[in-house]
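Engineer:
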Amino acid sequence: MSEKQTLGFQAEVKQLLQLMIHSLYSNKEIFLRELVSNASDAADKLRFEAIANPALYEDDAELKIRITFDADARTLTIADNGIGMSRDEVIEHIGTIAKSGTRAFFDSLTGDARKDANLIGQFGVGFYSAFIVADRVTLTTRRAGLPADAGVRWESAGEGEYSIEAVDKAGRGTEIVLHLREDEGELLNDWRLRSILRKYSDHIAIPIEMLSTPEAADGDEPAPAAVFEPVNQASALWARPKSEISDEQYREFYKHVAHDFEDPLAWTHARVEGRQEYTELLYIPSRAPFDLWDRERKHGVKLYVRRVFIMDDADKLMPLYLRFVKGVIDSADLSLNVSREILQGSKDIDAIRAGCVKKVLGVLEDLASNEADKYATFWQAFGNVLKEGIGEDFANKDRIARLLRFASTSNDSNVQNVSLADYVARMKDGQDKIYYITADSFAAAKNSPHLEVFRKKGVEVLLLSDRVDEWVTGHLTEFDGKALVSVAKGELDLGQLEDEAEKEAQKQVEETLQPLIERVGKALTEQVREVRVTHRLTESPACLVASEHGMSTHLERLLKSAGQEIEHQKPVLELNPAHPLVKKLDAEQSDTRFGELARVLFDQALLAEGGQLDDPASFVRRVNSLMLEMAA
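Reading the sequence shown from the start, the letters are residues 55 to 686 in my numbering.
1. Could you tell me the alpha carbon to alpha carbon distance between I338 and D98, rounded to whole angstroms?
2. Using a Cβ-Cβ cutoff of less than 6 angstroms, which residues in the same chain neighbour H323 once the five nearest sequence positions on both sides are dropped?
3. Roughly how far, in whole angstroms, is the beta-carbon of V187 from the beta-carbon of E238, given that I think they are within contact range, below 8 angstroms?
4. Is it buried or exposed, V675, if we count other Cβ atoms within 10 angstroms and call 16 or more buried?
5. Hey, could you find the ends of the beta strand (DSSP E) I364 is sitting in?
6. To the nearest angstrom, report how far apart N107 and G199 are at their CA atoms.
7. Among residues of its own chain, excluding the 5 on either side of I403, which ones have a beta-carbon nearer than 6 angstroms to its beta-carbon?
8. Could you tell me the boundaries of the alpha helix (DSSP H) in which W245 lies?
9. Got a sec, what are the start and stop residues for the alpha helix (DSSP H) T646 sits in?
10. Just to confirm the assignment, what range does the alpha helix (DSSP H) spanning G443 have?
11. With respect to 8 angstroms, is the separation between the Cβ of L517 and the closest non-hydrogen atom of the ligand FMN below this value?
12. Rounded C-beta distance between A288 and L265? I'm assuming under 8 angstroms.
13. Taking the runs of the alpha helix (DSSP H) that are 4 residues or longer, which of them lie wholly in the segment 85 to 152?
14. Determine the DSSP secondary structure at I406, reduced to helix, strand or coil.
15. Could you tell me the distance, in whole angstroms, from the CA atom of Q485 to the CA atom of F508?
16. So, at 6 angstroms on beta carbons, what are the nonlocal neighbours of L639 in its own chain, with the 5 sequence-adjacent residues on each side left out?
17. Taking three-plus beta-carbon pairs below 8 angstroms as touching, is the segment 530 to 547 in contact with the segment 574 to 583?
18. By Cβ distance, which residues of its chain are closer than 8 angstroms to G443, with the 5 residues on each side in sequence left out?
19. In chain order, what are the residue ranges of uninterrupted alpha helix (DSSP H) at least 4 long that sit wholly in the segment 464 to 509?
20. May I have the straight-line CA-CA distance separating R141 from I132, to the nearest angstrom?
21. For Q330, which option in P569, I406, T531 has the closest C-alpha, if you only look at C-alpha atoms?
22. Which partner residues of I356 appear in the DSSP bridge assignment?
23. Considering Cα atoms alone, identify which of N92, G328, L241, G416 is closest to A312.
24. Could you spell out the range, first to last residue, of the beta strand (DSSP E) harbouring Y227?
25. Tell me which residues share the same chain as V585 and place their Cβ nearer than 6 angstroms to its Cβ, disregarding the 5 neighbours each side in the sequence.
26. Where does Q568 sit, in a helix, a strand or coil, going by DSSP?
27. Can L388 and V417 be called in contact, C-beta distance under 9 angstroms?
28. Tell me where the alpha helix (DSSP H) around A641 begins and ends.
29. Quick one: any contact between the segment 454 to 466 and the segment 511 to 527, if contact means 3 or more CB pairs under 8 angstroms?
This is the structure we're talking about:
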C-alpha cells in the first residue's frame, strides 16, 4: 500500500501528548535523552537479531547514532542504523501506547503540574517527548532485511492524528526530524546539543556522532570538510572500572536502562570471577511502576553476553519478588544464541541469579542500616513485593525477614517502620512470642477487640493489613527463635506474662459461667464451633477466634473474594464475663430473648473483625428491638 493515509491516535496518546507538553516543559531537554535511548535500543535489537541472520547488517555493521541540525530550516534530526520498523510496527509503537497500566496512570493524575510531571516521567513517554520542543515530527524508517521500497514515513503535529505512507529508504534504521517550535532556537546550536548529549547520554554504548566544526584554513586554502565524530565515550558503562564512573553517570545510565525519569535509590556494580564470570549493574528504583502488579507483564533485567545485547526482561535472572530491580547482567560464559528456554534449566543461570540476589539483598540491608529515610521510601514502594520472598526464596528467608517492616501498637500509626528485630528488642520480661493480628484494613487491625488484654499489659502487637501478610505469616513461623503467634487464633496463652493469681481467678470464672457457656452454645449451634470464657477482652463483650491450626477468618474472606470455594470453618465465640451485656445475658430467663441477645453478640463480634453478616436485616431488627426496650 503506497498511498498516504491519515489515521487517528489512540485516545490515550492524545491525552498524554497534551499533558506531557505542558507538564514536562520545564525539563524539556530530556527529549534528546529519550530519542537517543530509543535509537540505542534499536541498535541493540539489530545486533541480537543479526547473531542468527548476519545479512541484516546489509554491509553496514558499524552501528551509530547521528545528530544533525539545520538552522535555516529549524530542524533537528536524530538518525540511527539500528533495526528500524515495518509499517505495522510503526502503527503499533507510534500510534498506540502498548503498555498495561495506562488507565491507572490517567486515574492517578492530580491536576498539579509538578506532581503530574513526576507521574508522566514515571510512566515513560519515549518517542512522544519529541513534541515538547517540536510542533511537527517526521519519522522515516525501514526495517533491516526489508527492501528499499519498504520504507515508511510517519508525520504528525501531535494534535490527534498522523499520516503514514510508503517511501523508498536506501539504508535501514530510523530518522526522526523535529521541526522545532519558534522558541526553541537554542537547540540549533552545536555546543548546546553536545552539552545535553554528554550530560544525559555519555553512557550509550555505540557512538553518538555530530559533525565537527573545523577551523578555517590559513590563506586561500579551502576549509577542510566537516566530518562526523563521536560526542560520547561509546563504551558500555558497566564494563568500565567503578573508579572511572561518577554517581551522575550511574544515575543517567539507570534512566536509560529503566526508562525512568527519576533517580534510583541505590545500585550495586560488581565484576564476579570464578566458576562464573559476569558483570552486574543493578538498581533499586525510587518509585513503583504502574504495572508492578500486572502478572502478564514481563519483568527482569537486560541480559548481555560479552557486551552483546541478548534480551530485555530476562526474568530467570531475578526472582519474581525482586521484579522491581532494573539493570544489566553481562555474562562472559553464556552462548550468544541463548534463549529463554535455555535460561530456564541452566545451572550457570542459577549461579548468576543466586549471586545477583545476594547483591540486591546486601544493598537493601545497607539502606536499612545506614539510610533509614531511603529504606522507608523503598518500603513504601516495594515492601509488599519483597514480602513475597518469604515464601518464594527459602535460602534467603532469614535475610528477607530482617528486611520486613510492619505497623504495630507501639505507635498505632499506619506507618510500617517496625522490624522484627525492633520488636524482639522491645519484648517484655517473660515474653517468648511475637504477637500479630491480620485484618482487612489498618483500622480494623488497630481497633480489634483481640488487642485489649495486650494493651492492658503493655505488650506490643504487629498490625498486619496488607493482603500479602497472610502469605507471610503462613511461611514465617518464627524469628530469632521466637514463634510468631496470631492473637486471633487458638486459646490465649500469655505464658509468664500472667501470674498464678490471674490464672486461678480465670479458672474460677470459667467454672462459675459453665452453665451460661452451654446455654449460648445451644443457641448458636449453627454459627459457632465452641463457646468459652475469654481472657483477651477487657472492654468488648465478645470476640471470634479461629482454631490454632485452622484458617483465619481474614484469610477465608480473602480466598473467597478471589473466587475460591472455601469450606466455611465455624469460629469459637469467646465471652467477656465482666461485661454488663454478658451479665445481662446470664440473667435472662426467656429462652427467646436469650437467643436474640446471643445472636446480637455474635453478629457484633463478626462485624468487629471485618466480617459480613449473612442476614443484616435481622441484625438491625434485633438491635432496634433492644433499643426500644431500653427506651421504654
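Every residue gets a Cβ at the ideal spot worked out from N, C-alpha and C, and that includes glycine.
Small disclaimer: the values here were computed from a predicted structure and weren't measured.
Structural biologist: Taking the definition as stated:
1. 23 angstroms
2. K296, L335
3. 5 angstroms
4. Correcting the residue type first, residue 675 is Arg in the shown sequence and not Val. Label assigned to R675: exposed.
5. 362 to 368
6. 9 angstroms
7. K370, L397
8. 244 to 254
9. 645 to 662
10. 443 to 446
11. By its list of ligands, the structure shown contains no ligand whatsoever, and the ligand FMN lies outside what it can speak to.
12. Incorrect: roughly 17 angstroms between the Cβ atoms, too far for contact.
13. 141 to 148
14. helix
15. 12 angstroms
16. L651
17. no
18. P373, Y375, L376, N450, K451, I454
19. 474 to 479, 496 to 500
20. 19 angstroms
21. I406
22. Note that residue 356 is Lys in the sequence shown, not Ile. DSSP lists V382 as partners of K356.
23. N92
24. Before going further, note that residue 227 is Gly rather than Tyr in the sequence given. First-last of the beta strand (DSSP E) with G227: 227 to 234.
25. I571, V574, G575, L627
26. helix
27. no
28. 634 to 641
29. yes
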